[in-house]
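*Asks:* With the first letter of the sequence shown counted as 1, position 50 gets the number 57 in this note's numbering; the numbers rise by one all the way through.
Beta carbons: idealized from backbone N, C-alpha and C, even for Gly.
Since the structure is predicted, the reported quantities are computational estimates derived from the model, not experimental observations.
Attaching a single structure in structure tokens format; questions to follow.
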Amino acid sequence: MQRVRDWTRLSTPAPRRIMKTDATPRTACRACRDGADLDFSFTMAFQPIVDVANARVWGYEALVRGPDGQSAGSILSRVTDETLYRFDQAARVKAIELAGRLFPPGGDTKLSINFMPNAVYEPAACIRASLEAARRVGFDNGRLNFEFTENERFHDIAHVQRIVTEYRRQGFFTALDDFGAGYAGLGLLANFRPDLIKIDMDLVRGIDADAGRRTIVAGINQIARALGVAVIAEGIETAAEAEALHGLGIDLLQGYHFARPALEALPPVAGFAADGAPVKRVA
Numbered sequence: 008m009q010r011v012r013d014w015t016r017l018s019t020p021a022p023r024r025i026m027k028t029d030a031t032p033r034t035a036c037r038a039c040r041d042g043a044d045l046d047f048s049f050t051m052a053f054q055p056i057v058d059v060a061n062a063r064v065w066g067y068e069a070l071v072r073g074p075d076g077q078s079a080g081s082i083l084s085r086v087t088d089e090t091l092y093r094f095d096q097a098a099r100v101k102a103i104e105l106a107g108r109l110f111p112p113g114g115d116t117k118l119s120i121n122f123m124p125n126a127v128y129e130p131a132a133c134i135r136a137s138l139e140a141a142r143r144v145g146f147d148n149g150r151l152n153f154e155f156t157e158n159e160r161f162h163d164i165a166h167v168q169r170i171v172t173e174y175r176r177q178g179f180f181t182a183l184d185d186f187g188a189g190y191a192g193l194g195l196l197a198n199f200r201p202d203l204i205k206i207d208m209d210l211v212r213g214i215d216a217d218a219g220r221r222t223i224v225a226g227i228n229q230i231a232r233a234l235g236v237a238v239i240a241e242g243i244e245t246a247a248e249a250e251a252l253h254g255l256g257i258d259l260l261q262g263y264h265f266a267r268p269a270l271e272a273l274p275p276v277a278g279f280a281a282d283g284a285p286v287k288r289v290a
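Take a look at the structure:
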């Protein structure tokens, strides 16, 4: 089966500068609730991340879509340098508000939100909208996982470190997405020590029949475990890939094999309970 990357994450192919805003954090928070000042609409689809060891849905990743299911690319192509901050903020709030309505009450199901570090001008101020949205819908901070991608070109490593530190201070989890897709993965892992890494789908492709890929992924998993970092493998499309990854000790899996993203809904996963599962935080 030919595999096509699903460009649904809040990342952009070109580097973006950190944008400041004339609005106060309070007015910025109000504006981003419904994407005010954006000349386009968007919503979220949700794809499950399953824990195969415990037969549970560990969490869901929020993926940008148009209001009628249009691709993420059609939305992200309309984001400019001037609207990057507002879009990033509005996307977080949209994901949290939908999760508050859709997720099982009283559980530990995680919500993974992609964000753009280069859109964050001041970590403590720029997280206020997310905190307010979580409080508004009764969503515990410890259920929020913020993903940033290895593929994004960071202008200031120290700035990204401040973001990770502030998010963890607020009780959020952080994840390094697309791990292994670029050349900076190990350096970013060493610098940021996120709670999770997500192994890129290109390393997962055909892993059941490729000893080289299994060796590489096993090595990544060993390094992550030694650092106290949990591992998610994404892009799984076959049962054989899922079984191979489980055999390597990787139990958090995501991909079309389990479920495709569902627009403003949680797709069911046969045989998996939708009540979340614990993940250990890095010490």
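Just curious, the alpha helix (DSSP H) that Tyr174 is in, first and last residue?
*Replies:* 164 to 176
*Asks:* Kindly indicate which three-state DSSP category Gln96 falls into: helix, strand or coil?
*Replies:* helix
*Asks:* Report the three-state DSSP secondary structure of Arg63 (helix, strand or coil).
*Replies:* strand
*Asks:* Tell me whether the beta-carbon of Ala240 lies closer than 7 Å to the beta-carbon of Ile223.
*Replies:* no
*Asks:* Is it the case that the Cβ atoms of Leu259 and Asp58 are separated by a distance below 7 Å?
*Replies:* yes
*Asks:* The ligand ADP and His264: does any heavy atom of the ligand fall closer than 6 Å to the residue's C-beta?
*Replies:* The ligand ADP is absent from the structure shown, which contains no ligands of any kind.
*Asks:* Just to confirm before moving on: does the CB-CB distance between Ala318 and Asn152 stay below 7 Å?
*Replies:* Nothing about residue 318 can be reported from this structure: the residues present for the chain run from 8 to 290 only.
*Asks:* Quick one: any contact between the segment 79 to 94 and the segment 139 to 155, if contact means 3 or more CB pairs under 8 Å?
*Replies:* No: the two stretches stay apart, fewer than three of their Cβ pairs being nearer than 8 Å.
*Asks:* To the nearest angstrom, report how far apart Ser84 and Ala102 are at their CA atoms.
*Replies:* Their Cα atoms are separated by approximately 19 Å.
*Asks:* With burial defined as no fewer than 16 other Cβ atoms inside 10 Å of the residue's Cβ, what is the status of Asp46: buried or exposed?
*Replies:* exposed
*Asks:* Going by DSSP, what residue range makes up the beta strand (DSSP E) through Glu241?
*Replies:* 237 to 241
*Asks:* Throw me the rounded Cβ distance for the Leu255 and Arg221 pair, which I believe falls under 8 Å.
*Replies:* Taking a contact as a CB-CB distance under 8 Å, the pair Leu255 and Arg221 counts as one, their CB atoms being some 6 Å apart.
*Asks:* Our contact map puts Gln278 next to Ala60 with C-beta atoms below 8 Å; I'd like the distance itself, whole angstroms only.
*Replies:* Reading off the sequence, residue 278 comes out as Gly, not Gln. 13 Å between Cβ atoms; not a contact.
*Asks:* What span of residues does the alpha helix (DSSP H) with Ser137 cover, start to end?
*Replies:* 135 to 144
*Asks:* May I have the straight-line CA-CA distance separating Phe265 from Arg175, to the nearest angstrom?
*Replies:* 30 Å
*Asks:* Using only the alpha-carbon positions, how far apart do Ile120 and Thr245 sit?
*Replies:* Rounded to the nearest angstrom, the two C-alpha atoms are 25 Å apart.
*Asks:* Residue range of the beta strand (DSSP E) that Asp88 falls in?
*Replies:* It is not in any beta strand (DSSP E) - Asp88 carries neither H nor E in the DSSP assignment.
*Asks:* Mind checking which residues open and close the alpha helix (DSSP H) that includes Ile230?
*Replies:* Looking at the DSSP string, the run of the alpha helix (DSSP H) that includes Ile230 is 218 to 234.
*Asks:* Have a look at Val100 and Phe122 and give me their C-alpha separation to the nearest angstrom.
*Replies:* Cα-Cα distance, rounded: 11 Å.
*Asks:* My understanding is that Pro268 touches Phe53, with C-beta atoms under 8 Å, so please give their C-beta distance in whole angstroms.
*Replies:* 6 Å
*Asks:* Give me the Cβ distance between Gln261 and Glu68, rounded to the nearest whole Å; I'm assuming they're in contact under 8 Å.
*Replies:* 7 Å
*Asks:* Under the three-state reduction of DSSP, which class applies to Val211: helix, strand or coil?
*Replies:* In this structure, Val211 counts as helix in the three-state DSSP scheme.
*Asks:* Got a sec? Which residues, its chain only, sit under 8 Å from Phe199 by beta carbon, not counting five neighbours each side?
*Replies:* Listed in chain order, the non-local C-beta contacts of Phe199 below 8 Å within the same chain comprise Val167, Gln168, Val171, Thr181, Leu183, local neighbours out to five positions each way being set aside.
*Asks:* Can you list, in chain order, the residues of its chain with a C-beta nearer than 8 Å to that of Leu138? Leave out the 5 residues immediately preceding and following it.
*Replies:* Asn148, Gln177
*Asks:* Could you give the DSSP three-state label for Phe179: helix, strand or coil?
*Replies:* coil
*Asks:* Can you check whether the CB of Phe186 is closer than 7 Å to the CB of Ile206?
*Replies:* yes
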